[in-house]
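This report concerns only the one structure given below.
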């Protein structure tokens with residue numbers, strides 16, 4: 266448990282430093298076999314890229330350094346509960362374990378966080394504030410060709 270606390274303290278420290286730089290209070294650390302592989306703070310304020318959340322930046326760096334998109338042997342430590350985008354990216358990268366320090370509800374109390382977004386994404390598409398509608402073109406789906414190439 267001591268190492269968990271050490272890694273979480275680093276994620277929180279990154280978040281605190283990011284506030285001082287004009288960013289939001291989010292930091293993340295990716296660990297593999299007890300070693301920090303990547304660390305990052307939210308860089309949206311610097312890059313104007315809405316996907317540059319701390320977890321996403323750390324995940325991208327870990328994948329680059331390890332030369333793989335499979336991070337199933339890594340653990341994520343995040344200062345705040347990962348938003349739905351970060352949570353999904355972690356799942357797609359194969360993470361089996363992650364820890365966060367502060368809840369989305371607590372963040373939302375202070376004007377940050379994504380607690381409402383979690384709730385919205387659980388609603389049917391027609392009830393969500395962003396309209397997402399399937400518009401299927403004529404012709405075949407690309408999925409069968411992808412599956413055939415993958416199996417070849």
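Numbering (this note's numbering), first residue to last: 266 to 417.
Glycine included, every Cβ here is placed at the ideal spot set by N, Cα and C.
| Check | Outcome |
| --- | --- |
| Nearest-angstrom Cα separation, counted from residue 381 out to residue 275 | 27 Å |
| Close-in-space but distant-in-sequence residues of the same chain around residue 294 (CB under 7 Å, 5 per side omitted) | 272, 275, 276, 301, 304, 323, 342 |
| Boundaries of the beta strand (DSSP E) in which residue 341 is found, first to last residue | 339-345 |
| Segment contact flag, the stretch 335-350 with the stretch 360-376, C-beta cutoff 8 Å, min 3 pairs | yes |
| C-beta contact flag for residue 376 and residue 340 at 8 Å | no |
| Start-to-end residues for the alpha helix (DSSP H) that takes in residue 272 | 267-285 |
| Host beta strand (DSSP E) of residue 401 (start-end) | Note, residue 401: premise wrong, no beta strand (DSSP E); not H, not E. |
| Residues bridged to residue 504 [DSSP beta-bridge criterion] | The structure shown does not extend to residue 504, since the chain is modelled only from 266 to 417, so the question has no answer here. |
| Contact check, residue 318 vs residue 350, beta carbons under 8 Å | yes |
| Assigned exposure category for residue 353 - 16 Cβ within 10 Å defines buried | exposed |
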